[in-house]
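First the structure, in the form of structure tokens, and then the observations on it.
Protein chains: 2
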Amino acid sequence: MRVNAPRFARVAIVGVGLIGGSLAIDCRANGSWGRIAGIGRSQANLDVALERGLIDEASRDVAAAAGCDLVILATPVAALVPMARRLAPHLAPGCIVIDVGSVKGALCDEIQAVLPAAVQFVGTHPIAGSEQAGAAAARAGLYVGAQCIIVPPHGADPAVVARVEQLWRAVGGVVQRMDGADHDAVFAAVSHLPHVVAYALAATVLERDAARRRGFAGAGFRDTTRIAGSSPEMWRDICLLNRTAVLHELDHFQTRLAAMHIALRDGDGAALLAEFTAARDALEGDHE
Amino acid sequence: MRVNAPRFARVAIVGVGLIGGSLAIDCRANGSWGRIAGIGRSQANLDVALERGLIDEASRDVAAAAGCDLVILATPVAALVPMARRLAPHLAPGCIVIDVGSVKGALCDEIQAVLPAAVQFVGTHPIAGSEQAGAAAARAGLYVGAQCIIVPPHGADPAVVARVEQLWRAVGGVVQRMDGADHDAVFAAVSHLPHVVAYALAATVLERDAARRRGFAGAGFRDTTRIAGSSPEMWRDICLLNRTAVLHELDHFQTRLAAMHIALRDGDGAALLAEFTAARDALEGDHE
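Residue numbers (this note's numbering), protein chains in the order written: chain Y, 1 to 288; chain Z, 1001 to 1288.
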């Protein structure tokens, strides 16, 4: 155990996938969690979680969260608010609820708004493995060295926030507190925009003559489009839930691309070189 | 030696970088090349090539190509035509000249146009390591398994084309003959467009708040922007020399991106999902 992990006697994981399941493995291993209930829609996935020992009991009924002192919301982001609403009547006063979604800000406000006032909600976002690959993909040590963003709501109990931070630190996470809107602006740029761009690039290059073009594609194409292999449903939801910030970054990207288009169309080598050089230097951090 | 390598008694490599230097290593190793002259602008780079034994003699004077039966044009693409023009008066009748540039089509026509009629020119493009990293970066085996595109000019001597193909096969290349315009259309899509996109993405994400954003960037951003670390000069030149085809692909990309922008702006999840799904499926070859 790296640090003293906060004790929870009874934990519910709602959505026992890569993120929730991996957290269960490590918190069981560090001895900080008592009994673990898994809640989900898919009985097959819950069966895998039970067989692998990630959870002690499985249920498709949100009532299984009754009596828990910690609830992990680890469903796809679009299901977080509806799920929190369904869980609400069953949650014990003082229960700590965290989510692990890729969007915070307004989404976390909505989650908190549907939870009872006596429940302590803290938004979190561990930056680790974005694919929701199910209980079969859960593994020990997923969070070692991973950044874990903590977004405490206004007026959050500092002791509760500290417990949540300790929970992530105890599994190896590098904890960083952020404002929700700031989180969404930063991740719109460094994560959400690159996914939109990768989808657009893969579609453009392969919309005609795909088999042949794939045969000529080298490492450059493979790397730039790798994340276009991600779940379309998940990224639709993330983009919609962080729409304003993603549109803002997309606007900037389209403007930058239009400038390159004009430079190329006009055969303006100096302008093109300036664009490419600024990008290369920014990437390599030459000007800091 | 994998296949019988064609013999050349005296070879000149113009631009002894990763591409030309690696070819020299393998052709010296397979015993098919006699004396090798290195021609270049940088004495320091030529000295490295001499020290490493890539070449037998070094010169900053194109006259060193006199008497060669094979000349490899391995300069940056923008220098190919001017260099061919300067070499022209020194080339022996029957000499085979190949280039190794990333753009073929009109560029190869121009190269051929400035060479004497008695010289045999064949365009080639080995798909291996795009950075012009100098003689120090040359290494054995660079071309093993690499695709090598062969673009014979109209009316090329079939025996000469066959010799050039054997040259690349003998160092492990997988040879494929293509029409120059077809080559440029395919590589505009699978290589040149991804570079433009990577530069635009890196610049957009890092134009503000770069140090902090870089700290939050995960594998997705790193992969999508890796090739934005490539030489801005080289990619300016490739884009300008293949301008029509790159603009064509860029148009398609901007149209695709605009459709995603509209879907996101309108909160049209179905349209966004259709775009992302088509991209993911195209990437994975699900519909073939």
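For each residue, glycine too, the CB sits at the ideal point set by N, CA and C.
Go through its chain and collect everything with a Cβ distance to residue i's Cβ below 6 Å, but skip five positions before and after it.
i	result
Leu142 (chain Y)	Ser22 and Ala128
Arg163 (chain Y)	Pro6
Ser230 (chain Y)	none
Ala64 (chain Y)	Ala37 and Ile39
Trp1235 (chain Z)	His1195
Ser59 (chain Y)	Ile39
Val119 (chain Y)	Leu91, Cys95 and Val97
Gly1020 (chain Z)	Ile1013, Ile1072 and Ala1074
Asn45 (chain Y)	Gly134 and Ala135
Ala1228 (chain Z)	Ala1198, Tyr1199 and Ala1202
Alpha carbon to alpha carbon, what distance is there between residue j and residue i?
i	j	result
Val160 (chain Y)	Pro152 (chain Y)	9 Å
Leu167 (chain Y)	Val97 (chain Y)	12 Å
Val62 (chain Y)	Val197 (chain Y)	37 Å
Gly1269 (chain Z)	Pro93 (chain Y)	36 Å
Val246 (chain Y)	Ala88 (chain Y)	30 Å
Ala135 (chain Y)	Arg41 (chain Y)	13 Å
Arg1208 (chain Z)	Ala1138 (chain Z)	37 Å
His1248 (chain Z)	Leu1257 (chain Z)	14 Å
Ala274 (chain Y)	Asp266 (chain Y)	14 Å
Arg86 (chain Y)	Leu115 (chain Y)	9 Å
Cys1148 (chain Z)	Arg222 (chain Y)	19 Å
Ala1029 (chain Z)	Ala1049 (chain Z)	15 Å
Asp47 (chain Y)	Glu57 (chain Y)	10 Å
Ala66 (chain Y)	Ala217 (chain Y)	53 Å
Asp99 (chain Y)	Pro158 (chain Y)	17 Å
Ala24 (chain Y)	Gln43 (chain Y)	18 Å
Glu1051 (chain Z)	Val1011 (chain Z)	18 Å
Thr244 (chain Y)	His1154 (chain Z)	54 Å
Met1178 (chain Z)	Met178 (chain Y)	54 Å
Ala1210 (chain Z)	Gln254 (chain Y)	19 Å
Ala1219 (chain Z)	Ala219 (chain Y)	15 Å
Gly53 (chain Y)	Gly215 (chain Y)	43 Å
Per DSSP, residue i is paired with what?
i	result
His125 (chain Y)	Y:Ile149
Gly38 (chain Y)	Y:Ile13 and Y:Ala58
Asp1099 (chain Z)	Z:Leu1073 and Z:Gly1123
Trp1033 (chain Z)	Z:Phe1008
Gln1176 (chain Z)	Z:Ile1149
Please go through the same chain and pick out, in chain order, the residues whose beta-carbon is closer than 7 Å to the beta-carbon of residue i, but skip the five residues on each side of it.
i	result
Thr1224 (chain Z)	Ala1198 and Leu1201
Cys239 (chain Y)	His192, Val196 and Val246
Gly1101 (chain Z)	Val1077, Leu1080, Leu1107 and His1125
Asp237 (chain Y)	Pro76, Val77 and Ala78
Ala1084 (chain Z)	Leu1073, Ile1111, Val1114 and Leu1115
Glu165 (chain Y)	Ile150 and Val175
His1103 (chain Z)	Here residue 1103 (chain Z) turns out to be Val, not His, going by the sequence shown. Same-chain partners within the cutoff: Val1077, Asp1184, Ile1238, Leu1241 and Asn1242.
Leu272 (chain Y)	Met260, Ala263 and Leu264
Ile55 (chain Y)	Ile13, Val16, Ala24, Ile36, Ala37, Gly38 and Ala49
Excluding sequence positions up to five away, which residues of its chain have a Cβ less than 8 Å from the Cβ of residue i?
i	result
Ala133 (chain Y)	Gly17 and Leu18
Gly172 (chain Y)	Arg2, Asp26, Gly141, Tyr143, Val144, Gly145 and Ala146
His1252 (chain Z)	none
Ala9 (chain Y)	Gly34, Arg35 and Asp69
Glu1288 (chain Z)	Any reading at Glu1288 (chain Z) must be qualified, since the residue scores a pLDDT of 44, below 50, and its modelled position is unreliable; no value is offered.
If we call anything under 8 Å between Cβ atoms a contact, is residue i one with residue j?
i	j	result
His125 (chain Y)	His192 (chain Y)	no
Ala1156 (chain Z)	Val1122 (chain Z)	yes
Leu1206 (chain Z)	Ala282 (chain Y)	yes
Gly180 (chain Y)	Gly285 (chain Y)	no
Leu1292 (chain Z)	Leu1107 (chain Z)	With chain Z running from 1001 to 1288 in the structure shown, residue 1292 (chain Z) is simply not present.
Ile150 (chain Y)	Val175 (chain Y)	yes
Arg1226 (chain Z)	Val190 (chain Y)	no
Ala1203 (chain Z)	Ala279 (chain Y)	yes
Phe276 (chain Y)	Pro1232 (chain Z)	yes
Determine, for residue i, whether the minimum Cβ-Cβ distance to residues of chain C falls below 8 Å.
i	result
Val1196 (chain Z)	As a matter of chain content, chain C is missing from the structure shown, whose protein chains are Y and Z.
Quick check: does the Cβ of residue i come within less than 7 Å of any heavy atom belonging to the ligand SAM?
i	result
Cys1027 (chain Z)	Summarising the ligand content, the structure contains no ligands, and the ligand SAM is consequently not present.
Problem set entry | Three CB pairs or more closer than 8 Å across the segment 1018-1035 of chain Z and the segment 252-261 of chain Y | Contact between the segment 1018-1035 of chain Z and the segment 252-261 of chain Y is absent, because fewer than three Cβ pairs lie under 8 Å.
Exercise. If we count Cβ pairs, one from each stretch, closer than 8 Å, do we get three or more for the segment 69-89 of chain Y versus the segment 110-128 of chain Y?
Worked result: Contact holds between the segment 69-89 of chain Y and the segment 110-128 of chain Y, because three or more Cβ pairs, one in each stretch, are under 8 Å apart.
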